[in-house]
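**Student:** Protein chains in written order, with this note's numbering: chain E, 1 to 352; chain A, 1 to 352.
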């Protein structure tokens, strides 16, 4: 069985511990957090990122908040006591729906608490369950997705991915990289092209790091090279993760994903989205309803804390974009594969 | 009359002087070069870049080589004596055709030299002529192009550009940025979106620097944000330069240009190419015949000399891509505008 060589987020001696992804690939450091506010700040400042990983971190954030509050005596009104912490976590980042989904699950436990003294332990158990289920989902996504990876007889299949939808973006194993991992573990000959993913360089720093560790042949490119390589026949397939999937299949993911989808479409290259069901938000009817986070300007004017841009220039920094469902060849979930997703097929996933 | 605030390349006390663009926007330093080999090395290492500017630099490179040789006495066989220098310059970068075009012009002067002792001065005069004509071409391109910049009544027109096709990429004034400059000087309300242009960041470092100096409202984005902004209606028009235009109108330009063209096409946004006639190569029949330079891996794994990528990753680094003529709404040259260029219309430009 395949095990990650690092723990993205977990519970460690009464605290939430995360791998600080801002320092990768240079340093592997595991800071710890003791309150919901601290966990929210870690999410906001990108210590941890990736929609499913953010969901797990938020769940542990609620659990650690309950532990913190209980140290001063069990609160009379748990729901009231935990409300501010839940709200802070909920507002830490706007686009990934897994965050809201995880908090909603934790709130159900809070609302149902039969014995107030047990609640911290119950919340921790729920967070651990979300974490465990996320890994199981990723493995199932990997298995389903690997069936779509069919290298030709005479050469490896070249798969392009954007940003990091890997073990680092989830509780472990990954969604898009889960598909790649499963194909690799099944002995299928593959090569990966990782887009560096400006401005935050998740592709260069995180995806390359994960895949090289795994022994998978990986080639780094700048984001603007993808279209050229597609036009040259150098890319066979694209697989990415998702931060929120609307009810009609429109998919928000890291900025640049939409461009890759348009270019894949023009060049006749399959474009796959791999994500757990928790990424689908039936309350968001279409892509244009998904809030797109604008992040600080210095992520664009600077690269690893060095200024790269002329002084006086304005900046736009949308962190995500929306790929229309019609450009998605298949959506890979833990419940199976949906080809060219639409409202009906997406609804069908929930009755499985 | 509009004057540049810096000299990109020129003749200074018997040497070729260039603005070292690798140090912009932080430092404005003007190194000098005394031989064809030194100029070729400066071109190769990106002290100067941009197809028309490279052409000018190469012409001055031939002139300075003649001056250097003449110091040891006038050679008996000028053509033989200058051949290695011309060849070194020709091979300094493969994609921009203006380089070959400028060397060919200098070779005509060498072949026709009536008085051997005068040749160095004649070569310098020819290089100065190429330089002067390039500025005149850019101004004419600017005038023609500005006629296509038609802001609506109620708001400024937002023009996106990629890489740097500005004063810094030419003898002065610029091609794509020449169009923007002319529109701005004509009082048309415009705003510019500059794509940062990884890996070499010409957009962030050079285009933003030029335009901010000029007082033109400029917003910097990472390359992968262009498609998203187009889909949101935030970009009205795209204008870029060119490194080589094939006889059928297919256009090689900085990596990422092709992707922008595909995205503009999908979103119904006009896509303009601005370039002097010297960029058109009738001997290159179509885009697939244009040699695409692959540059060193460390441009991708590093950003301003800092490593950004995990160790062990492979790299692709094509410096250019090819935009098919069908995606080009108009080609703007000093001889006028060609809408949706093709073989016939391009040939027509040469009979004007």
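By construction, the Cβ of each residue, glycine as well, lies at the ideal position given by its N, Cα and C atoms.
Using the C-alpha atoms, what's the distance from residue 308(A) back to residue 155(E)?
**Tutor:** On the first chain, residue 155(E) is found 155 positions in, with the first residue counted as 1. On the second chain, residue 308(A) is found 308 positions in, with the first residue counted as 1. About 30 Å.
**Student:** Taking 7 Å as the limit between beta carbons, can you name the residues of its chain near residue 15(A), skipping five residues before and five after?
**Tutor:** Your numbering for residue 15(A) matches position 15 in the second chain. Taking residue 15(A) as the centre and dropping the five residues before and after it, the same chain places the C-beta of 32, 33, 34 and 64 closer than 7 Å to its C-beta, in chain order.
**Student:** Indicate whether the contact test is met: 3 or more Cβ pairs, each with one atom in the segment 208–223 of chain A and one in the segment 138–147 of chain A, closer than 8 Å.
**Tutor:** no
**Student:** Mapping the DSSP letters down to three states, classify residue 320(A) as helix, strand or coil.
**Tutor:** Locating residue 320(A) in the second chain gives position 320, counting from the first residue. Strand.
**Student:** Residue 86(E) to residue 103(E), Cα distance in whole Å?
**Tutor:** Locating residue 86(E) in the first chain gives position 86, counting from the first residue. Locating residue 103(E) in the first chain gives position 103, counting from the first residue. Spanning the two alpha carbons is a distance of roughly 7 Å.
**Student:** Let me make sure I understand the geometry here. Which of 58(A), 241(A) and 190(A) has the alpha-carbon closest to that of residue 166(A)?
**Tutor:** Reading the second chain from its first residue, position 166 is the one you call residue 166(A). It is 241(A) whose Cα lies nearest to the Cα of residue 166(A).
**Student:** In chain order, which continuous runs of the beta strand (DSSP E) of length 3 or greater are located wholly inside the segment 273–333 of chain A?
**Tutor:** 320–323 and 330–333
**Student:** Closest to residue 183(A) by CA distance: which of 157(A), 171(A) and 172(A) is it?
**Tutor:** Counting from 1 along the second chain, the entry for residue 183(A) is found at position 183. Nearest of 157(A), 171(A) and 172(A) to residue 183(A), Cα basis: 157(A).
**Student:** Please list, in chain order, the chain A residues whose beta carbon lies closer than 7 Å to that of residue 46(E).
**Tutor:** Translated into positions along the first chain, residue 46(E) becomes position 46. Within chain A, no residue comes near residue 46(E); the closest Cβ sits about 15 Å away, beyond 7 Å.
**Student:** Does the beta carbon of residue 224(E) come closer than 8 Å to any beta carbon on chain A?
**Tutor:** Locating residue 224(E) in the first chain gives position 224, where the first residue counts as 1. Using beta-carbon distances, residue 224(E) counts as an interface residue toward chain A, with a partner under 8 Å.
**Student:** Are residue 227(E) and residue 200(A) close, meaning C-beta to C-beta below 8 Å?
**Tutor:** The residue you call residue 227(E) lines up with position 227 of the first chain. The residue you call residue 200(A) lines up with position 200 of the second chain. No.
**Student:** Does DSSP put residue 180(A) in a helix, in a strand, or in coil?
**Tutor:** Counting from 1 along the second chain, the entry for residue 180(A) is found at position 180. Helix, per DSSP.
**Student:** Cβ atoms of residue 300(E) and residue 171(E): under 8 Å apart, would you say?
**Tutor:** Position 171 of the first chain, counted from the start, is the residue given in the question as residue 171(E). Position 300 of the first chain, counted from the start, is the residue given in the question as residue 300(E). Against a cut-off of 8 Å, the Cβ pair of residue 300(E) and residue 171(E) comes out as no contact.
**Student:** Whose Cβ in chain E lies nearer than 7 Å to the Cβ of residue 199(A)?
**Tutor:** For this step, residue 199(A) is matched to residue 199 along the second chain. Per Cβ cutoff of 7 Å: 222.
**Student:** Starting from residue 263(A), find everything on chain C with Cβ-Cβ shorter than 7 Å and list it in chain order.
**Tutor:** Given the protein chain composition of this structure (E and A), no chain C is represented.
**Student:** Taking the alpha carbon of residue 274(A) as the point to measure from, which residue in 239(A), 234(A) and 263(A) has its own alpha carbon closest?
**Tutor:** Here residue 274(A) corresponds to residue number 274 of the second chain, with the count starting at 1. The shortest Cα separation from residue 274(A) among 239(A), 234(A) and 263(A) belongs to 239(A).
**Student:** At 4 residues or longer, and completely inside the segment 12–87 of chain A: list those alpha helix (DSSP H) runs for me, N to C.
**Tutor:** 36–44 and 51–70
**Student:** Which value, in whole angstroms, describes the spacing of the CA atoms of residue 278(A) and residue 21(E)?
**Tutor:** Translated into positions along the second chain, residue 278(A) becomes position 278. Translated into positions along the first chain, residue 21(E) becomes position 21. Cα-Cα distance, rounded: 49 Å.
**Student:** Does the segment 96–116 of chain A touch the segment 243–255 of chain A, meaning 3 or more C-beta pairs lie closer than 8 Å?
**Tutor:** Counting Cβ pairs under 8 Å, three or more are found: they touch.
**Student:** Give, in chain order, every unbroken run of the alpha helix (DSSP H) that is at least 4 residues long and sits entirely within the segment 79–128 of chain A.
**Tutor:** Every unbroken stretch of the alpha helix (DSSP H) spanning 4 or more residues and falling wholly within the segment 79–128 of chain A is given here in chain order: 97–112.
**Student:** Could you give the DSSP three-state label for residue 141(E): helix, strand or coil?
**Tutor:** Reading the first chain from its first residue, position 141 is the one you call residue 141(E). Reduced to three states, the DSSP call for residue 141(E) is helix.
**Student:** Answer yes or no: the CB of residue 240(E) versus the heavy atoms of the ligand ZN, is any distance below 7 Å?
**Tutor:** In the structure shown, the ligand ZN is absent, as is every other ligand, since no ligand is present at all.
**Student:** What number of angstroms, rounded off, separates the C-alpha of residue 314(A) from the C-alpha of residue 45(A)?
**Tutor:** Sequence index remark: in the second chain, residue 314(A) carries index 314 (1-based). Sequence index remark: in the second chain, residue 45(A) carries index 45 (1-based). Whole-angstrom Cα-Cα distance: 22 Å.
**Student:** If contact means a Cβ-Cβ distance below 9 Å, which residues of the segment 300–312 of chain E contact chain A?
**Tutor:** Going along the segment 300–312 of chain E in chain order, one finds 300, 301, 303, 304, 305, 306, 307, 308, 309, 310, 311 and 312 with a Cβ nearer than 9 Å to chain A.
**Student:** Verify the CB distance criterion: does residue 247(E) have a CB-CB separation below 8 Å to chain A?
**Tutor:** Along the first chain, one-based indexing puts residue 247(E) at 247. So, not an interface residue.
**Student:** Alpha carbon to alpha carbon, how far is residue 37(A) from residue 163(E)?
**Tutor:** The residue labelled residue 37(A) in the question sits at position 37 within the second chain. The residue labelled residue 163(E) in the question sits at position 163 within the first chain. Straight-line Cα distance between these residues: approximately 42 Å.
**Student:** When the distance is taken between beta carbons, is residue 50(E) closer than 8 Å to residue 136(E)?
**Tutor:** Position 136 of the first chain, counted from the start, is the residue given in the question as residue 136(E). Position 50 of the first chain, counted from the start, is the residue given in the question as residue 50(E). Cβ atoms of residue 136(E) and residue 50(E): not closer than 8 Å.
**Student:** Assign residue 47(E) to one of two classes, buried (16 or more other C-beta atoms within 10 Å of its C-beta) or exposed (fewer than that).
**Tutor:** Position 47 of the first chain, counting from 1, holds the residue named residue 47(E). Classification of residue 47(E): buried, given that the 10 Å Cβ count is 16 or more.
**Student:** Should residue 131(E) go down as buried or exposed, given a rule of 16 or more other Cβ atoms within 10 Å for buried?
**Tutor:** What you label residue 131(E) is simply residue 131 of the first chain in a count that begins at 1. By the neighbour-count rule (16 or more Cβ atoms within 10 Å), residue 131(E) is buried.
**Student:** Would you check if there are 3 or more beta carbon pairs closer than 8 Å linking the segment 309–329 of chain A to the segment 251–265 of chain A?
**Tutor:** yes
**Student:** Taking a cut of 7 Å between CB atoms, which residues from the segment 164–193 of chain A lie near chain E?
**Tutor:** none
**Student:** Is residue 159(A) closer than 8 Å to residue 281(A) when the C-beta atoms are compared?
**Tutor:** The sequence position of residue 281(A) within the second chain is 281, counting from 1. The sequence position of residue 159(A) within the second chain is 159, counting from 1. Not closer than 8 Å, so no.
**Student:** Can you tell me whether residue 161(E) is buried or exposed, with buried defined as 16 or more other CB within 10 angstroms of its CB?
**Tutor:** Taking the first residue of the first chain as 1, we reach residue 161(E) at position 161. The residue is buried, with at least 16 neighbouring Cβ atoms inside 10 Å.
**Student:** Do residue 66(E) and residue 123(E) have their beta-carbon atoms positioned less than 8 Å apart in this structure?
**Tutor:** Locating residue 123(E) in the first chain gives position 123, where the first residue counts as 1. Locating residue 66(E) in the first chain gives position 66, where the first residue counts as 1. Contact: yes.
**Student:** With a threshold of 8 Å between beta carbons, is residue 227(E) in contact with chain A?
**Tutor:** Numbered from its first residue, the first chain carries residue 227(E) at position 227. Yes, its Cβ sits closer than 8 Å to a Cβ of chain A.
**Student:** Measure the alpha-carbon distance for residue 294(A) versus residue 284(A) and round it to whole angstroms.
**Tutor:** If you number the second chain from 1, residue 294(A) lands on position 294. If you number the second chain from 1, residue 284(A) lands on position 284. Between residue 294(A) and residue 284(A), the C-alpha separation is close to 19 Å.
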